[in-house]
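Here is the structure we will look at.
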Amino acid sequence: MVSIKSKNEELAGRKAELERYELKIRSLEQEAMVCESKKNAIEKEASVINKLLQEKVKIVTESLNAEVKIKQELILKYNNEEKAHIETKRVHSKAVAELEDTKTQLGNIKDMLVRKAYSIAQLTEERNTLRSSIERAEAEKELLILDKEKAEELIKKLEDYYKDKLTACLLYTSPSPRDLSTSRMPSSACKKKKKKK
């Protein structure tokens, strides 16, 4: 009976351990979902930044082309005038400054995209690590389930064994009203009954 009790305690401990592993698996799955949503958000943000960058470059290019065209017309019209020359220099300086500013913005955006790509790589690595942890936890869970089944089978065998032992020898130990020192069936009768079996 002590063995059955210890086995029951061991089974209870394994059940608790199995529940902890299941909680750990659910937690890891939730973390993996969070990492996946972060990755998707970063990829979406990178796509939006790329689109805005392309639109900005297009707008700046069109604006510069239009302004250059206008200034070229002014140069042709006022070719012999100092005013046209000064205006051309000013427009050129402005266009160069805008172009440099655009290049700086493009560099900043490229740096941002590189950082986003690095973040995506880190999230991917974390997701892979979480998947490995989940797989290990699942394997441990299967081993615990097998141990649980074996323990339950052993407990059933022990219960059957002790049940047979207990039913094989029923002693009538109620004391006689006349003689309190003896029982109605001596213990030797139980021993004889066991020998017959």
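Heads up: the sequence shown begins at -15 in the working numbering, then just goes up one per residue.
Cβ atoms here follow ideal geometry from the backbone N, Cα and C, with glycine treated the same way.
The structure presented is a predicted model; accordingly, all values stated were derived computationally and were not measured.
Between residue i and residue j, which are expected to be in contact by the criterion C-beta below 8 angstroms, what is the C-beta distance as a whole number of angstroms?
i: Leu114; j: Ala16; result: 4 angstroms
i: Asp132; j: Leu(-5); result: Looking at the sequence itself, residue 132 is Lys, so the reference to Asp does not match. Yes, Lys132 and Leu(-5) are in contact; Cβ-Cβ is about 7 angstroms, under 8 angstroms.
i: Ile139; j: Lys23; result: About 48 angstroms separates the two Cβ atoms, so there is no contact after all.
i: Ala123; j: Lys(-9); result: Between Lys(-9) and Ala123 the Cβ distance is about 24 angstroms, and since that is not below 8 angstroms, they are no contact.
Reducing DSSP to helix, strand and coil, say where residue i ends up.
i: Glu136; result: helix
i: Glu20; result: helix
i: Ser110; result: Looking at the sequence shown, residue 110 is not Ser but Glu. It is helical.
i: Glu124; result: helix
i: Glu65; result: coil
i: Tyr156; result: With a pLDDT of 45 at Tyr156, under the threshold of 50, the modelled position of that residue is not reliable, and the figure given next carries that caveat. Coil.
Could you compute how far the alpha carbon of residue i sits from the alpha carbon of residue j?
i: Leu83; j: Glu71; result: 18 angstroms
i: Leu130; j: Tyr145; result: 23 angstroms
i: Lys35; j: Thr86; result: 15 angstroms
i: Lys(-11); j: Asp148; result: 18 angstroms
i: His69; j: Lys55; result: 10 angstroms
i: Glu137; j: Ala25; result: 51 angstroms
i: Val52; j: Ala81; result: 14 angstroms
i: Tyr102; j: Leu90; result: 18 angstroms
i: Leu128; j: Glu29; result: 44 angstroms
i: Leu48; j: Glu20; result: 42 angstroms
i: Lys179; j: Gly(-3); result: With a pLDDT of only 44 at Lys179, under 50, the local geometry of the prediction cannot be trusted, and the value read off the model is given with reservation. Using only the alpha carbons, I get a separation of about 40 angstroms.
i: Gln14; j: Val75; result: 58 angstroms
i: Ser31; j: Lys78; result: 31 angstroms
i: Lys40; j: Glu66; result: 34 angstroms
i: Thr108; j: Ile33; result: 21 angstroms
i: Ser172; j: Glu126; result: Any reading at Ser172 must be qualified, since the residue scores a pLDDT of 46, below 50, and its modelled position is unreliable; the value itself is stated next. Going by the C-alpha atoms only, they are around 50 angstroms apart.
i: Leu155; j: Ser(-13); result: Low per-residue confidence applies at Leu155: pLDDT is 48, beneath 50, and the placement is therefore not dependable, though the value from the model is reported in the following sentence. Cα-Cα distance, rounded: 23 angstroms.
i: Thr88; j: Val98; result: 15 angstroms
i: Asn112; j: Glu(-7); result: 37 angstroms
i: Glu27; j: Ala50; result: 35 angstroms
With a threshold of 8 angstroms between beta carbons, is residue i in contact with chain D?
i: Ile33; result: Protein chains in the displayed structure number just one, and chain D is not present.
Does the segment 49 to 64 touch the segment -5 to 13, meaning 3 or more C-beta pairs lie closer than 8 angstroms?
Three or more beta-carbon pairs separated by less than 8 angstroms are not found between the segment -5 to 13 and the segment 49 to 64, which leaves the two stretches without contact.
Would you say the segment 41 to 48 touches the segment 91 to 105, given that touching needs at least three Cβ pairs under 8 angstroms?
no
Check whether the segment 115 to 133 touches the segment 6 to 14, counting contact only when three or more Cβ pairs, one atom from each stretch, lie closer than 8 angstroms.
yes
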